[in-house]
Amino acid sequence: LAEIAGLEERVVIIEDTRELRCEAKDAVTLRTKPGVASLADLVRSTLRLRPDRIIVGEVRGAEALDMLKAWNTGHPGGIATVHANSARAALYRIEQLIQEAVATVPRRLIAEAIDVIVFIKGRGPARRIEAVAELKGLDPSGDYLLETPPGLPNISHRP
(Lines of atoms letter the chains of each structure in order from A; the text may use other names.)
(Lines give C-alpha, C1' and ligand atoms only; values in the text may rest on other atoms or scores of the structure.)
Protein backbone atom coordinates (compact mmCIF):
# COMPACT_ATOMS: atom_id res chain seq x y z
CA LEU A 14 0.00 0.00 0.00
CA ALA A 15 2.92 2.32 0.62
CA GLU A 16 4.05 1.97 -3.00
CA ILE A 17 0.53 2.56 -4.30
CA ALA A 18 0.32 5.74 -2.23
CA GLY A 19 3.07 7.28 -4.35
CA LEU A 20 1.18 6.77 -7.60
CA GLU A 21 -1.24 9.27 -9.06
CA GLU A 22 -4.11 6.81 -9.00
CA ARG A 23 -7.52 6.47 -7.39
CA VAL A 24 -7.42 3.73 -4.77
CA VAL A 25 -10.62 2.22 -3.37
CA ILE A 26 -10.26 0.15 -0.20
CA ILE A 27 -13.13 -2.13 0.81
CA GLU A 28 -13.21 -3.84 4.19
CA ASP A 29 -15.43 -5.01 7.05
CA THR A 30 -13.42 -3.30 9.77
CA ARG A 31 -10.78 -0.64 9.35
CA GLU A 32 -7.43 -2.36 9.18
CA LEU A 33 -5.76 -0.99 6.06
CA ARG A 34 -4.36 2.47 5.62
CA CYS A 35 -3.21 4.02 2.38
CA GLU A 36 -1.74 7.50 2.18
CA ALA A 37 -2.66 7.95 -1.49
CA LYS A 38 -3.94 11.43 -2.34
CA ASP A 39 -7.04 9.96 -3.96
CA ALA A 40 -8.03 7.10 -1.64
CA VAL A 41 -11.60 6.14 -0.81
CA THR A 42 -12.39 3.69 1.99
CA LEU A 43 -15.68 1.80 2.01
CA ARG A 44 -16.80 -0.31 4.96
CA THR A 45 -19.60 -2.81 5.27
CA LYS A 46 -22.61 -2.15 7.45
CA PRO A 47 -24.79 -5.10 8.53
CA GLY A 48 -28.17 -5.02 6.82
CA VAL A 49 -27.15 -2.07 4.64
CA ALA A 50 -24.06 -2.87 2.55
CA SER A 51 -22.26 -6.20 2.27
CA LEU A 52 -18.74 -6.68 0.94
CA ALA A 53 -20.26 -7.95 -2.34
CA ASP A 54 -22.46 -4.82 -2.55
CA LEU A 55 -19.45 -2.57 -2.03
CA VAL A 56 -17.29 -4.41 -4.57
CA ARG A 57 -20.02 -4.08 -7.21
CA SER A 58 -20.63 -0.39 -6.47
CA THR A 59 -16.90 0.39 -6.49
CA LEU A 60 -16.84 0.44 -10.29
CA ARG A 61 -18.96 3.61 -10.24
CA LEU A 62 -16.15 5.36 -8.35
CA ARG A 63 -13.77 4.94 -11.32
CA PRO A 64 -10.96 3.27 -9.34
CA ASP A 65 -7.50 2.59 -10.69
CA ARG A 66 -6.87 0.06 -7.92
CA ILE A 67 -9.40 -2.00 -5.94
CA ILE A 68 -8.23 -3.35 -2.59
CA VAL A 69 -10.34 -5.79 -0.60
CA GLY A 70 -9.27 -6.19 3.02
CA GLU A 71 -10.26 -9.82 3.44
CA VAL A 72 -12.22 -11.99 1.04
CA ARG A 73 -14.39 -14.49 2.92
CA GLY A 74 -17.41 -15.16 0.73
CA ALA A 75 -19.14 -14.92 -2.62
CA GLU A 76 -17.77 -11.39 -3.13
CA ALA A 77 -14.65 -13.14 -4.48
CA LEU A 78 -16.42 -13.50 -7.84
CA ASP A 79 -17.41 -9.82 -7.96
CA MET A 80 -13.85 -8.82 -7.03
CA LEU A 81 -12.31 -10.89 -9.84
CA LYS A 82 -14.79 -9.51 -12.35
CA ALA A 83 -13.94 -5.96 -11.25
CA TRP A 84 -10.20 -6.58 -11.48
CA ASN A 85 -10.69 -8.01 -14.97
CA THR A 86 -12.57 -4.98 -16.35
CA GLY A 87 -9.77 -2.45 -16.66
CA HIS A 88 -8.93 -2.15 -12.97
CA PRO A 89 -5.60 -3.99 -12.72
CA GLY A 90 -3.32 -3.98 -9.72
CA GLY A 91 -5.90 -4.99 -7.15
CA ILE A 92 -4.93 -6.44 -3.81
CA ALA A 93 -6.85 -8.77 -1.51
CA THR A 94 -6.19 -11.11 1.38
CA VAL A 95 -7.50 -14.64 1.72
CA HIS A 96 -6.66 -17.21 4.38
CA ALA A 97 -5.00 -20.36 2.98
CA ASN A 98 -2.12 -22.75 3.67
CA SER A 99 -0.03 -21.99 0.56
CA ALA A 100 0.02 -19.88 -2.58
CA ARG A 101 -1.69 -22.63 -4.59
CA ALA A 102 -4.17 -23.27 -1.78
CA ALA A 103 -5.12 -19.57 -1.93
CA LEU A 104 -6.36 -20.12 -5.49
CA TYR A 105 -8.36 -23.16 -4.40
CA ARG A 106 -9.76 -21.14 -1.48
CA ILE A 107 -10.91 -18.44 -3.92
CA GLU A 108 -12.62 -21.21 -5.91
CA GLN A 109 -14.46 -22.34 -2.77
CA LEU A 110 -15.59 -18.79 -2.07
CA ILE A 111 -16.80 -18.34 -5.65
CA GLN A 112 -18.86 -21.53 -5.31
CA GLU A 113 -20.96 -19.68 -2.74
CA ALA A 114 -22.24 -17.65 -5.72
CA VAL A 115 -22.07 -20.04 -8.71
CA ALA A 116 -21.76 -23.80 -9.18
CA THR A 117 -19.11 -23.75 -11.91
CA VAL A 118 -15.80 -22.19 -10.98
CA PRO A 119 -14.50 -19.79 -13.66
CA ARG A 120 -10.84 -20.87 -13.53
CA ARG A 121 -10.01 -18.88 -16.65
CA LEU A 122 -11.30 -15.70 -14.96
CA ILE A 123 -9.19 -16.44 -11.88
CA ALA A 124 -6.11 -17.05 -14.05
CA GLU A 125 -6.70 -13.82 -15.99
CA ALA A 126 -7.45 -11.60 -12.99
CA ILE A 127 -4.67 -12.72 -10.62
CA ASP A 128 -1.01 -12.18 -11.51
CA VAL A 129 0.92 -12.75 -8.28
CA ILE A 130 0.26 -14.49 -4.97
CA VAL A 131 2.31 -13.58 -1.92
CA PHE A 132 1.95 -16.23 0.77
CA ILE A 133 2.66 -14.88 4.25
CA LYS A 134 3.14 -17.27 7.14
CA GLY A 135 3.21 -16.70 10.89
CA ARG A 136 1.70 -14.14 13.22
CA GLY A 137 2.88 -10.90 14.76
CA PRO A 138 6.66 -10.42 14.69
CA ALA A 139 7.12 -13.97 13.30
CA ARG A 140 5.18 -13.04 10.14
CA ARG A 141 7.25 -13.47 6.97
CA ILE A 142 6.89 -14.00 3.24
CA GLU A 143 7.00 -17.75 2.72
CA ALA A 144 6.43 -17.82 -1.05
CA VAL A 145 5.83 -15.61 -4.06
CA ALA A 146 4.12 -17.26 -7.01
CA GLU A 147 3.36 -15.81 -10.42
CA LEU A 148 0.16 -17.15 -11.96
CA LYS A 149 0.98 -17.78 -15.63
CA GLY A 150 -2.41 -19.18 -16.65
CA LEU A 151 -3.74 -22.71 -16.79
CA ASP A 152 -1.74 -25.82 -17.66
CA PRO A 153 -3.02 -28.40 -20.20
CA SER A 154 -4.90 -30.26 -17.43
CA GLY A 155 -6.73 -27.06 -16.44
CA ASP A 156 -4.87 -26.54 -13.15
CA TYR A 157 -3.11 -23.31 -12.29
CA LEU A 158 0.36 -22.81 -13.72
CA LEU A 159 2.47 -21.17 -11.01
CA GLU A 160 6.09 -20.09 -11.39
CA THR A 161 8.62 -18.44 -9.14
CA PRO A 162 9.36 -14.94 -10.49
CA PRO A 163 12.95 -14.39 -11.73
CA GLY A 164 15.40 -13.43 -9.02
CA LEU A 165 13.58 -15.24 -6.22
CA PRO A 166 14.63 -18.56 -4.74
CA ASN A 167 12.87 -21.62 -6.16
CA ILE A 168 9.80 -22.22 -4.04
CA SER A 169 7.48 -25.22 -4.17
CA HIS A 170 3.92 -24.23 -5.09
CA ARG A 171 2.23 -27.43 -3.98
CA PRO A 172 0.00 -27.34 -0.88
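Once you know that position 84 of the sequence shown is 97 in the numbering used here, the rest is easy, because the numbers rise by one and skip nothing.
Ideal Cβ placement from N, Cα and C applies to all residues, glycine included.
If you compare the alpha carbons of T117, D79, A100 and G90 with that of V145, the shortest gap goes to A100. Taken atom to atom, the span from the alpha-carbon of E21 to that of L62 is near 15 Å. The straight-line gap separating the alpha-carbon atoms of V69 and T86 is approximately 16 Å.
Per DSSP, T42 is one residue of the beta strand (DSSP E) stretching across D39 to R44. Bounds of the beta strand (DSSP E) holding V24 are R23 to E28. Assignment of beta strand (DSSP E) within the segment 47–82, counting only whole runs of 3 or more residues, yields 66–69 in chain order. The continuous alpha helix (DSSP H) containing E108 extends over residues A100 to I111. R73 is positioned such that its CB atom lies no closer than 9 Å to that of V41.
Within the segment 122–163, the complete beta strand (DSSP E) segments at least 3 residues long are 129–134, 141–151 and 157–160, listed from N- to C-terminus. Residue environment analysis places A114 among the exposed positions, since fewer than 16 neighbouring C-beta atoms fall within 10 angstroms of its C-beta. The alpha carbon of C35 has as its nearest neighbour, out of V131, I67, G48 and A53, the alpha carbon of I67. Its Cα nearest to that of P153, the residue R120 stands out among R136, R120 and I130. L43 is a Cβ neighbour of I26, given a cutoff of 9 Å. In this structure L78 touches I111 by the C-beta definition: roughly 5 Å separates them, less than 8 Å. Taking all protein chains in view, the Cβ of V131 is surrounded by fewer than 16 other Cβ atoms within 10 Å, so the residue is classified as exposed. For a cut-off of 8 Å, the C-beta gap from D65 to R23 is around 5 Å, short enough to register as a contact.
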